[in-house]
Amino acid sequence: MDLVALNFPDQVAALTNHSVDAAMMTEPFATRSIQTGSGALIATGDQMAPGQQVVVIVYTDRFVTTQRDDGVRLMTAYLRGLRAYLAAFSTGDQRDRIIQILTTRTDIKDPQLWMSIYPTGANPDGTVNVQSIADSQTYFQGLGLVQNPADLNKVVDTSFTQAAVQALGPGPTPAPPKHSS
Numbered sequence: 164m165d166l167v168a169l170n171f172p173d174q175v176a177a178l179t180n181h182s183v184d185a186a187m188m189t190e191p192f193a194t195r196s197i198q199t200g201s202g203a204l205i206a207t208g209d210q211m212a213p214g215q216q217v218v219v220i221v222y223t224d225r226f227v228t229t230q231r232d233d234g235v236r237l238m239t240a241y242l243r244g245l246r247a248y249l250a251a252f253s254t255g256d257q258r259d260r261i262i263q264i265l266t267t268r269t270d271i272k273d274p275q276l277w278m279s280i281y282p283t284g285a286n287p288d289g290t291v292n293v294q295s296i297a298d299s300q301t302y303f304q305g306l307g308l309v310q311n312p313a314d315l316n317k318v319v320d321t322s323f324t325q326a327a328v329q330a331l332g333p334g335p336t337p338a339p340p341k342h343s344s
């Protein structure tokens with residue numbers, strides 16, 4: 164097997180022209196491949212690696228040092244939006260309204276595509292799975308791709324999510340997203 168590094172948009176074309184046999188894709192590219200017949204879903208990322216931390220929010224140092232209140236307000240707004248997104252795609256609560264916002268504020272303008280893609284999962288309290296990041300760092304270090312591992316105790320600051328949860332209250336237990344193909 165030969166591994167080929169491709170950016171996400173190029174994966175669709177590579178599957179279509181058969182220059183690759185498989186791809187680890189993200190949305191909306193995975194759904195586009197399924198819709199065009201160039202790919203088929205074998206497993207979602209959360210099925211292949213449950214609990215894997217894929218995305219984090221990264222703040223400017225100003226939020227940590229001189230504009231902390233702004234950082235807390237931003238995190239509070241983010242968690243409020245995240246919870247609305249998660250509810251829309253797990254229970255259907257205000258789904259049409261959330262999709263309208265997403266088509267206005269993101270590059271995905273097709274509401275039907277939003278109805279078809281596999282929703283991104285995240286913890287409604289913004290909790291970061293630090294062990295997952297540590298495991299990934301160790302894995303990539305073993306491959307020689309990370310020479311100087313980060314001290315995660317210095318990098319991960321949970322105080323912003325903690326302050327946001329204190330303001331909002333704890334989020335609901337995450338429900339699995341519903342995929343409506």
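Take the position in the sequence shown, starting the count at 1, then add 163; the result is the number in the working numbering.
Backbone N, C-alpha and C define an ideal beta-carbon position, used for all residues, glycine too.
Fair warning: this is a prediction, and the values are worked out from it, not measured in the lab.
Just checking my contact of residue i with residue j at CB under 8 Å: how many whole Å lie between their CB atoms?
i	j	result
Gln-300	Pro-312	5 Å
Gly-234	Phe-323	5 Å
Gly-308	Ala-297	For the sequence presented, residue 308 should be read as Leu rather than Gly. Not quite, the Cβ-Cβ distance comes to about 15 Å (not below 8 Å), so this is no contact.
Arg-246	Gly-334	5 Å
Ile-271	Pro-172	13 Å between Cβ atoms; not a contact.
Leu-204	Ala-193	7 Å
Apart from the five residues on each side of it in sequence, which residues of its chain come closer than 7 Å, Cβ to Cβ, to residue i?
i	result
Gly-214	Asn-292 and Ser-295
Ser-344	In this predicted model, Ser-344 has a pLDDT of only 48, less than 50, meaning its place in the structure is not dependable; the value taken from the coordinates is given anyway. So the list reads Ser-279, once near-sequence residues are dropped.
Gln-216	Val-291, Asn-292, Ser-295 and Ile-296
Thr-319	Note on residue identity: the sequence assigns Val, not Thr, to residue 319. Closer than 7 Å at the Cβ level, and outside the excluded window around Val-319, lie Val-291 and Val-293.
Kindly list the residues whose CB is nearer than 8 Å to the CB of residue i, restricted to its own chain and excluding five residues on each side of it in sequence; keep chain order.
i	result
Val-183	Val-167, Leu-169, Gln-174 and Ala-177
Gly-200	none
Ala-242	Per the sequence shown, the amino acid found at residue 242 is Leu instead of Ala. So the qualifying residues of the chain are Pro-287, Asp-288, Gly-289, Thr-324, Ala-327, Val-328, Leu-331 and Gly-334.
Tyr-302	none
Gln-263	Pro-274
Can you tell me whether residue i is helix, strand or coil according to DSSP?
i	result
Thr-324	helix
Pro-333	coil
Gln-198	helix
Phe-171	helix
Tyr-241	helix
Asp-271	The question names Asp, but residue 271 in the sequence shown is Ile. Coil, per DSSP.
Thr-229	coil
Met-211	helix
Asp-224	helix
Asn-292	coil
Ala-297	helix
Give me, in chain order, the residues of the same chain whose beta-carbon lies closer than 6 Å to that of residue i; leave out the 5 immediate sequence neighbours on both sides.
i	result
Asp-256	Ala-250
Tyr-222	Gly-234
Gly-202	Leu-178 and Ser-196
Gln-304	Pro-312
Touch test, the stretch 273–280 against the stretch 216–236, Cβ-Cβ under 8 Å, three pairs minimum:
no
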